[in-house]
Amino acid sequence: MPRIASCLIISLAILTGCSSQQKPAQTSPPQPNDLSQLQGEWLMKSGVADGFALPDVMARNFKRVCRSNELTVTNGAQLIMKATITLDQTKTPKTIDYDVIDGPTKGKKHLGIYELNGDTLKSCFAAPDAPRPTGFSSTSGDLQTFSVWERAKHP
1 MPRIASCLII SLAILTGCSS QQKPAQTSPP QPNDLSQLQG EWLMKSGVAD GFALPDVMAR
61 NFKRVCRSNE LTVTNGAQLI MKATITLDQT KTPKTIDYDV IDGPTKGKKH LGIYELNGDT
121 LKSCFAAPDA PRPTGFSSTS GDLQTFSVWE RAKHP
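Quick note on our numbering: the sequence shown kicks off at 1 and runs consecutively.
Structure follows, in structure tokens:
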């Protein structure tokens, strides 16, 4: 089981990345609405990488913290990714891009989609060099990572 768990963590970290050698498309600046709603600490509720579900006990160790336009994702004490984020709320589904500044995929651009509903965030990312996902799912062989996050509740 520890080997499978390690593989799932590594897969989740790698599959959330998407390298890009093309110039990013020009987008209008994000409305402060969604960026301001993403601020703070979020805990993973569930994650699926290339069709393999992350066990609940492992998912609970993932945390994302957003401050301004910078995001840090950790699994316990392990850094998964530190990135600047860019949103485009005008697209359907809404898009989210990470420019990774630290972690295993440092220097890569991660392209994804997101849906924000109150204290729940859904996101889906494609593997490097794959097209941006169009839906919120991950099945075996699609090299996509789908995750659901919930805003951390602090007393």
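Glycine included, C-beta positions come from ideal geometry on N, C-alpha and C.
Coil, strand or helix - Gln37 by DSSP
helix
Using beta-carbon positions only, say whether Glu41 and Val57 come within less than 8 Å of one another.
no
Simplified DSSP state of Ala127, which is helix, strand or coil
coil
Buried versus exposed, by CB contacts within 10 Å (16 or more), Phe146
buried
Whose C-alpha, out of Thr92, Gln39 and Leu121, is nearest the C-alpha of Thr84?
Gln39
Identify every residue that forms a DSSP beta bridge with Val100.
Ala83
Using the Cα positions of Ala53 and Gly47, report the straight-line distance between them to the nearest angstrom.
6 Å
So Asp56 is in the alpha helix (DSSP H); what residue range does that whole segment cover?
Asp56 to Ala59
Does the separation of the CB atoms of Glu150 and Leu43 fall below 8 Å?
yes
Residue closest to Ser123, alpha-carbon to alpha-carbon, out of Val100, Pro93, Lys109 and Ile80
Pro93
Taking 8 Å as the threshold (C-beta atoms), are Gly76 and Asp142 in contact?
no
Contact set for Gly103: own chain, Cβ-Cβ below 7 Å, skip 5 residues either direction:
Leu79, Ile80, Met81 and Lys82
Are Ala127 and Pro133 closer than 8 Å when you measure CB to CB?
no
Whose C-alpha, out of Ser140, Ile101 and Gln89, is nearest the C-alpha of Ile159?
It is not possible to answer for residue 159, since the shown part of the chain is limited to 1 through 155.
Arg181 versus Thr74 - alpha carbon distance
No answer is possible for residue 181: the residues shown for the chain start at 1 and end at 155.
Any idea what DSSP makes of Asn75, helix, strand or coil?
strand
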